[in-house]
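See structure below.
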Amino acid sequence: MTLVPGRADRVFITGASSGIGAALAREYAARGAVLGLLARRREALAELVASLPHPERHRIYAVDVLDREALASAAADFIEVNGGADIVIASAGISHGTLTERPDDLPVFDAVFATNVNATVSTFAPFIFQMKVEGTPCRLVGIGSVAGIRGMRGAGAYCASKAAVHSYCEALRLELSASNIRVVTIAPGYIDTPMTRNNRFPMPFLMPAGRFAAKAADVIARGHSYRVLPWQMGVTAKLLRLLPNVLFDALFSRAPTKKRLQAGRKA
1 MTLVPGRADR VFITGASSGI GAALAREYAA RGAVLGLLAR RREALAELVA SLPHPERHRI
61 YAVDVLDREA LASAAADFIE VNGGADIVIA SAGISHGTLT ERPDDLPVFD AVFATNVNAT
121 VSTFAPFIFQ MKVEGTPCRL VGIGSVAGIR GMRGAGAYCA SKAAVHSYCE ALRLELSASN
181 IRVVTIAPGY IDTPMTRNNR FPMPFLMPAG RFAAKAADVI ARGHSYRVLP WQMGVTAKLL
241 RLLPNVLFDA LFSRAPTKKR LQAGRKA
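Using full-length UniProt numbering, the first residue of the sequence shown is number 1, and each one after it goes up by one.
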């Protein structure tokens, strides 16, 4: 199922070198899409593209999403080469444990927000004008997280950044409601990726990345405004949101925390 019958979807994905981004690239390539794949690691991108059907159809961009000008240039190149974009997925993201009381964690807060929130805005911005002019069905896809539904101890930066992604995409959805562009927010639960393999706690309903990507692509095609995957985590998230604070605090005040970034390493 493509957004425009008879034409391959043109899909631009950030954070494409690993994890959810790479899984989405494989899924869309299997569906016949033409891809623009952006991440910092050129070698990883080249290896990924070489493994895809029709690698000659896809373009890679070794760009840091924090470099707004380089990201805009990559978007312009993809639009020029392919005549536009149908689906743009802001999948780049980082996750580190953080403690507000630790001064050395303050730069980590900055890096997590810059990558997870600001880069989502920078990813979408260069495509909106072209999408409106073309007038065919288009999608802007923000990757949130169930972690954005309630704050968890030791994960203040990540939880807050993903909550911000949810709210930003909701605002953008209203801004573009009269256009041909649908804004889709996908909130993954625990997906089996290099990022989650660093977690030091049980991960209920852990979903393989390939299965997540297939379901996410279906959600995107249908233009759903918001979806938690897997659905079991959606039910769990709703229940957590309904818990009174006193009960939530009692249950989670001693929960295991995310691993903090080692001193001297970049976020």
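C-beta: ideal position from N, C-alpha, C; glycine also. If you're wondering where the values come from, they're calculated on a predicted model, not measured in any experiment.
Residue pairing by DSSP places THR98 opposite ALA155 in a beta bridge. A distance below 6 Å between beta-carbons, with the five flanking residues on each side excluded, links ALA70 to the following residues of its chain, in chain order: VAL63.
The C-beta distance from ALA30 to PRO53 rounds to 7 Å, short enough to fall under 8 Å. Residue range 19 to 30 is occupied by the alpha helix (DSSP H) that includes TYR28.
When secondary structure is reduced to three states using DSSP, TYR190 falls in the coil class, being assigned neither helix nor strand. Between GLY156 and LEU261, the alpha-carbon positions lie close to 14 Å from each other.
Here VAL121 is actually not in contact with TYR158; their C-beta atoms are around 18 Å apart, not less than 8 Å. Counting along the chain, the unbroken alpha helix (DSSP H) around PHE127 starts and ends at 119 to 134. When the five nearest sequence neighbours on each side are left out, the beta carbons in the same chain lying within less than 8 Å of the beta carbon of ALA46 are those of ILE60, in order along the chain. The count of Cβ pairs closer than 8 Å, one atom from the segment 211 to 218 and one from the segment 122 to 134, stays below three, leaving the stretches out of contact. Secondary structure note for ARG68: it is in no beta strand (DSSP E), and the uninterrupted alpha helix (DSSP H) holding it is 68 to 82.
For PRO55, the three-state secondary structure derived from DSSP is helix.
According to the DSSP assignment, ARG227 belongs to no alpha helix (DSSP H) but to the beta strand (DSSP E) extending over 226 to 229.
A direct Cα-to-Cα measurement between LEU172 and THR185 gives close to 11 Å.
PRO230 counts as buried, since no fewer than 16 other beta carbons sit within 10 angstroms of its beta carbon.
Straight-line spacing of the CA atoms in ILE181 and ILE220 works out to 12 Å.
The alpha-carbon of PHE113 is positioned some 14 Å away from that of ALA147. Here THR123 is not near VAL165, since their CB atoms are 8 Å or more apart. The beta-carbon separation of THR136 and ILE20, rounded to 26 Å, does not stay under the 8 Å limit for a contact. DSSP links CYS138 through a beta bridge to ILE181. Within the same chain, and ignoring the five residues on either side of LEU240 in sequence, the residues whose Cβ sits closer than 8 Å to its Cβ are ILE149, ARG150, PHE248.
Counting other Cβ atoms within 10 Å of its Cβ, VAL11 reaches 16 or more and is therefore classed as buried. The Cβ-Cβ distance between ASN118 and LYS162 does not fall below 8 Å.
In this structure VAL141 does not touch ILE79 by the C-beta definition: roughly 17 Å separates them, more than the 8 Å allowed. Per DSSP, ALA214 lies in no beta strand (DSSP E); the unbroken alpha helix (DSSP H) holding it starts and ends at 209 to 222.
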